[in-house]
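Accompanying notes for the structure given below.
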Amino acid sequence: MADIALTPPRRPFVARYPSVIIFIGLLALFTIGVTVLSEGFGIGVISTSFVKTLGKTLCLCLVALAMDLVWGYCGILSLGHMAFFGIGGYAIGMWLMYARTEIIVRDSLAAAPLPPTPQEISDGIAGQIFGVVGASEFPPIWAVAHSLPLQLAAVVLVPGLIALVFGWLAFRSRVTGVYLSILTQAMTLALALYLFQNDSGLRGNNGLSGLQNLPGLGHVPQSTLSVIFLWASALALGLGYLLCAWVVSGKFGSVIRAIRDDEARVRFLGYSVEAYKLFIFTFTAILAGIAGALYYPQAGIINPAELAPIASIYLAVWVAIGGRGRLYGAVIGAAFVSLLSTWFTGGQAPDINLGVYTVQWVDWWTILLGLSFVAVTLFAPRGIGGLFDLISDRRSPDRHGADLGPGTGALQEKEAEK
Amino acid sequence: MLCFVRHVILCSVLCFSAAVPAVAQDIGAPIQTLLQTHGEVIKQSSRRTIGPAIDALAASGLDDAKTVLERWQNKEMWFEAETGVFVFAAAAEGGMLRLFDVAGGVEIGVTEKRPYKQLKPNSGIRGLISAALVQFQLNDPDPSERAKALTAIERDADASHLAALRGAIDGETVPELKAKKQRLERLLTIRFSDDDADRITAIQSFAGDLGVDVRAALNPLVATRLDVADTLPENAMPVEVGTEDLSRARAYALLVDKELAAAQTDPATLRDTLIANIDAGTVAGVQVASLDTDDARMAAYAALAAQGLAAPLVTEADVTAALEAFQFFEVFTGAPVSVAQAAQRALSDIETRVALNQTADLALDALSLASIYFLAAIGLAITFGVMGVINMAHGEFIMMGAYTGYVVQLFVPDYTLSILLAIPLAFAVTFSAGVAMERLVIRWLYHRPLETLLATFGVSIALQQLAKNIFGTQARPLTAPGWLDGSLIINDIVSISYIRIAIFVLALLFLALFLFVMKRTRLGLEVRAVTQNPRMAASMGINPDRINMLTFGFGSGIAGIAGVAIGLYAKVTSEMGTDYIVQSFMTVVVGGVGNIWGTLLGATLVGTLQKGIEWMNPSNTLAAQTYMILFIILFIQFRPRGIIALKGRAAEA
Chain D
1 MADIALTPPR RPFVARYPSV IIFIGLLALF TIGVTVLSEG FGIGVISTSF VKTLGKTLCL
61 CLVALAMDLV WGYCGILSLG HMAFFGIGGY AIGMWLMYAR TEIIVRDSLA AAPLPPTPQE
121 ISDGIAGQIF GVVGASEFPP IWAVAHSLPL QLAAVVLVPG LIALVFGWLA FRSRVTGVYL
181 SILTQAMTLA LALYLFQNDS GLRGNNGLSG LQNLPGLGHV PQSTLSVIFL WASALALGLG
241 YLLCAWVVSG KFGSVIRAIR DDEARVRFLG YSVEAYKLFI FTFTAILAGI AGALYYPQAG
301 IINPAELAPI ASIYLAVWVA IGGRGRLYGA VIGAAFVSLL STWFTGGQAP DINLGVYTVQ
361 WVDWWTILLG LSFVAVTLFA PRGIGGLFDL ISDRRSPDRH GADLGPGTGA LQEKEAEK
Chain F
1001 MLCFVRHVIL CSVLCFSAAV PAVAQDIGAP IQTLLQTHGE VIKQSSRRTI GPAIDALAAS
1061 GLDDAKTVLE RWQNKEMWFE AETGVFVFAA AAEGGMLRLF DVAGGVEIGV TEKRPYKQLK
1121 PNSGIRGLIS AALVQFQLND PDPSERAKAL TAIERDADAS HLAALRGAID GETVPELKAK
1181 KQRLERLLTI RFSDDDADRI TAIQSFAGDL GVDVRAALNP LVATRLDVAD TLPENAMPVE
1241 VGTEDLSRAR AYALLVDKEL AAAQTDPATL RDTLIANIDA GTVAGVQVAS LDTDDARMAA
1301 YAALAAQGLA APLVTEADVT AALEAFQFFE VFTGAPVSVA QAAQRALSDI ETRVALNQTA
1361 DLALDALSLA SIYFLAAIGL AITFGVMGVI NMAHGEFIMM GAYTGYVVQL FVPDYTLSIL
1421 LAIPLAFAVT FSAGVAMERL VIRWLYHRPL ETLLATFGVS IALQQLAKNI FGTQARPLTA
1481 PGWLDGSLII NDIVSISYIR IAIFVLALLF LALFLFVMKR TRLGLEVRAV TQNPRMAASM
1541 GINPDRINML TFGFGSGIAG IAGVAIGLYA KVTSEMGTDY IVQSFMTVVV GGVGNIWGTL
1601 LGATLVGTLQ KGIEWMNPSN TLAAQTYMIL FIILFIQFRP RGIIALKGRA AEA
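In structure tokens:
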């Protein structure tokens, strides 16, 4: 694997990938624009809640980027990346909740006649956090919740390790294609079901709440925090985009695309397919974890329903609608669909009166989404990103047989002969 | 005292009897005399004092006693206020009373109500009377009355029943009732007999009996009490401290209760004592601000104790020393030692049998769960297993079938008829849905499995929301016909509901149907040909498009019927499909794609596994599902192609 990174680029990286520069520029413009229009730092045209929505959308774009890397480039349709996203959220949420409760408990114990012992403080925090599930002691999983650096490490390490172990098991036994998808979905379901139990140590279906209140920053208004989180999310997205673009460029990128197109052939050429896949799977899981860690402080609450398999399916929907196999496609898809979804389900979309029946978008949006997903899969496998090909007049590489295109790129040639 | 009262009553009866109009009753009859003996308590009508009166009536052996008890219970017994003579009475026309003699029930005449008072036994007394009536009912000529009496004793047995029961066995003519009486007699012997040898014999006769009543009779006998002493007394069973049976905290609490040790100083007391003794910012000379560790607090408390300002500090070490100094043991409290030990032996024997039977029950449960998974997966075994098309909307087809059943029941109120209608209708609905989906979506995506997966996901999302829009989010009932209610009870432990048996039978039928269609019909032959090599099949004159469409429709239709069956057993909601889709795929993948026997094995494995894990941790079905999925993920590591892997040419198809 190491030889890939050392391969000297033929031309400067940005020159070969102008879309990266354009994307970073647009992202910067967007962030500055929102800041200027925000309540916290600017003229107050955009409400704080909408700034939060935009910040959350940037995080969703980041996880969509990860999904695109693992699915669009490497051909692994993972239905588990939203679980990694959720784990990242849980990891940061544990610290947020612990630290905030610790401040509250210390304040209340400060009034007591005797200075509190460490045990009393710990018991107080545990009672506050786990009262809802009828427990009063810290489960072992909270052992490092008091430490921000360790929990931040957990944001990266826990999804990474789960992905590493799961991926190693799955790829080693050559589980591919739809089998792998179903297996990842089963993993997600197992994780969600586990978290739903009250004795999972993470407050069962209550989840973690109050995450929008940063410990020690109680005096800073949410309008300011929301913009700061927007910057952080934009920074993460920008860096993530650069990283992903760098990963898919050069020889490494060629190998993973080749794995997508014909795994067996790459294996016969002597590449360790499993190692490449494992790297991509783990790397994208970590990206997803980071995105989740940025998302949930803005959302304020996380519960096991966020990890349900359907969330990961929606992630695939975003990437497919945006156009997989191109990084900006994933970002466009996630931003477009999730914002549209917010608009429709938020009750802002006007109802359509058909005379006998009034179409209320709160009820019908999901149906529209499902059907348009089918339509995109059938008629526009390149998604929204495909529109850019019309402008740039980009063509798919000329291969034997029928046109494979990015949408059919995962095909073996013999299958495309039809 | 009692004699005196009786005399007074008898005197008053004699003196005032002349005042009663048209009385020709036999006040000297034995039953009346007996009633008069207990006249005071009967009139007092208090549950606490009535006992002897009822017992005397029951034990009198008089023919009239039964009638008296029954009528008394029915509030038909009256007494004349002045004389205290008891009569039966019924309301007569014009607010009058029709009187009958308590002896023989002969009519006395109609009279004014005023001089008579009605006995109104409360529910407690009526209960006592029914208990007393039992012995009469046990010898009743009507067998159904006798059976009723036995049931009454089973429900609420009493020491007094034992003698009555023993007396009623020999005369019993119906063999079943005789067996029941004998069994009950032995149970009552265990509970109430004074003769230990009798009790032990009765206990031993129940060895290995699975009845709940036996365990209910034996369990109180082996009740124990935890006690503590310096040395172990005779017949006591020593208990180790710090084990699961006896925690340190509980053992020490017992010592404190018995005043053999002082209570341990818990952190709260320690804190409160320190707070109470704060003096100008110090406690026993220690600065308050420095008391922020447990050690510092304990030191300060010890100093307070030394000054006599607090109870002595009892530390963990003191507790350990105290616990070691005493012997903890249990003694039987429910019965004499020999009886209790016999009961314990019998119970442990029963326990083993119960465990065996519970295993059998668990196996039945697992089997029925397996048949549900099999039902849910068999449609998938066709579309995914045979055709290789991954259909994520399969769960929604199951849901559509269940909702079809629900809608049919809205129009056809007869449950048997509606289920019989619903099954073909559900097949028709989901068959059409499957055909439509194959023509519109899947046909364009053959050879693109990942995209098929995604597109069918889209369909699944849309269908689920559509069902939510039409039927709402709350669960809809799909009621099973009456003849499927209840369960087949093999003994007190092993039982299985008829619905589960029906689902099992349905699963077998589907298996047979699948095998028949695939192996014995033209369609099956063509399906196998098309899945193996579509072009070759087309050259032979088979239309692959048509065959694919029909196969997919067939698989979907079976999912619809499975939906009706599952709806009978579980709730019908728009999300019921998602509950089964992952398990169904797991069943097919674990079993081995493309082989129906594999699917059967897969369903059995998954069902058994889930029940097994649930049994190990019964409180937590969520955890059971989690562990089962993890197990399956690991299982696929070792047999990636499932239990039955296809070999050779079929595997490549």
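Note that the protein sequences, when read in sequence, are chains D and F. Quick note, the first sequence lines up with residues 1 to 418 if you use this note's numbering. Quick note, the second sequence lines up with residues 1001 to 1653 if you use this note's numbering. Cβ atoms here follow ideal geometry from the backbone N, Cα and C, with glycine treated the same way.
Neighbour flag for residue i against chain F, beta carbons, 9 Å
{"i": "glycine 407(D)", "result": "With a pLDDT of 49 at glycine 407(D), under the threshold of 50, the modelled position of that residue is not reliable, and the figure given next carries that caveat. Closer than 9 Å to some Cβ of chain F, the Cβ of glycine 407(D) qualifies, so yes."}
{"i": "proline 159(D)", "result": "no"}
{"i": "aspartate 363(D)", "result": "yes"}
{"i": "phenylalanine 344(D)", "result": "no"}
{"i": "threonine 358(D)", "result": "no"}
{"i": "serine 181(D)", "result": "yes"}
{"i": "phenylalanine 196(D)", "result": "yes"}
{"i": "serine 226(D)", "result": "no"}
{"i": "glutamine 128(D)", "result": "no"}
{"i": "arginine 100(D)", "result": "no"}
{"i": "proline 116(D)", "result": "yes"}
Beta-carbon contacts of residue i that lie in its chain and below 8 Å, excluding the five residues immediately before and after
{"i": "valine 70(D)", "result": "Ile76, Ser78, His81, Ile280, Phe281 and Thr284"}
Cβ-Cβ separation, residue j to residue i (assumed contact under 8 Å), whole Å
{"i": "leucine 969(F)", "j": "alanine 1168(F)", "result": "This structure leaves residue 969(F) out entirely; chain F is present only between 1001 and 1653."}
{"i": "glycine 370(D)", "j": "glutamine 1465(F)", "result": "7 Å"}
{"i": "leucine 59(D)", "j": "alanine 291(D)", "result": "At residue 59(D) the sequence reads cysteine, which differs from the leucine that was named. Indeed, because the Cβ distance is near 5 Å, the residues count as touching under 8 Å."}
{"i": "valine 1314(F)", "j": "threonine 1265(F)", "result": "5 Å"}
{"i": "isoleucine 1042(F)", "j": "leucine 1035(F)", "result": "7 Å"}
{"i": "leucine 1062(F)", "j": "isoleucine 1031(F)", "result": "5 Å"}
{"i": "valine 1588(F)", "j": "leucine 1380(F)", "result": "5 Å"}
{"i": "glycine 329(D)", "j": "isoleucine 384(D)", "result": "7 Å"}
Own chain residues within Cβ distance below 6 Å of residue i, not counting five before or after
{"i": "glycine 1211(F)", "result": "Asp1492"}
{"i": "alanine 1022(F)", "result": "Model confidence at alanine 1022(F) stands at a pLDDT of 47, short of 50, so the residue's coordinates are unreliable; what they give is reported in the following sentence. Gly1109, listed in sequence order."}
{"i": "threonine 1456(F)", "result": "Asn1391, Met1392 and Ala1393"}
Contacting residues, own chain, Cβ-Cβ under 7 Å from residue i (five flanking each side not counted)
{"i": "threonine 1452(F)", "result": "Val1389, Ile1390, Ile1442 and Leu1445"}
{"i": "threonine 53(D)", "result": "Thr342"}
{"i": "valine 27(D)", "result": "Residue identity check: residue 27(D) is leucine in the sequence provided, not valine. Only Ala234, Leu237 and Gly238 meet the Cβ criterion."}
Short CB-CB distance (under 9 Å) between residue i and chain D
{"i": "tryptophan 1444(F)", "result": "yes"}
{"i": "glycine 1612(F)", "result": "no"}
{"i": "isoleucine 1499(F)", "result": "no"}
{"i": "serine 1290(F)", "result": "yes"}
{"i": "methionine 1586(F)", "result": "yes"}
{"i": "threonine 1404(F)", "result": "no"}
{"i": "threonine 1293(F)", "result": "yes"}
{"i": "isoleucine 1050(F)", "result": "no"}
{"i": "lysine 1571(F)", "result": "no"}
{"i": "leucine 1484(F)", "result": "no"}
Distance CB(residue i)-CB(residue j) smaller than 9 Å
{"i": "leucine 1488(F)", "j": "isoleucine 1501(F)", "result": "yes"}
{"i": "phenylalanine 1206(F)", "j": "isoleucine 1382(F)", "result": "no"}
{"i": "leucine 307(D)", "j": "phenylalanine 344(D)", "result": "no"}
{"i": "methionine 1400(F)", "j": "glycine 1555(F)", "result": "no"}
{"i": "valine 45(D)", "j": "glycine 88(D)", "result": "no"}
{"i": "phenylalanine 1585(F)", "j": "alanine 1433(F)", "result": "no"}
Where residue i meets chain D, residues with beta-carbon distance less than 8 Å
{"i": "asparagine 1620(F)", "result": "Gln197 and Asp199"}
{"i": "leucine 1453(F)", "result": "Leu77, Val178 and Ser181"}
Chain D residues whose Cβ lies nearer than 9 Å to that of residue i
{"i": "alanine 1623(F)", "result": "Leu193, Tyr194, Gln197, Asp199 and Ser200"}
{"i": "leucine 1274(F)", "result": "Pro113 and Leu114"}
{"i": "threonine 1551(F)", "result": "Correct list: empty, because the minimum Cβ distance to chain D is about 18 Å."}
{"i": "leucine 1450(F)", "result": "Trp71, Gly75, Leu77, Gly177, Val178, Ser181 and Ala410"}
Under 8 Å from the C-beta of residue i: neighbouring residues of chain F
{"i": "isoleucine 313(D)", "result": "Phe1457 and Ile1461"}
Under 7 Å by beta carbon: chain F residues contacting residue i
{"i": "alanine 186(D)", "result": "Val1582, Met1586, Ile1629, Ile1632 and Ile1633"}
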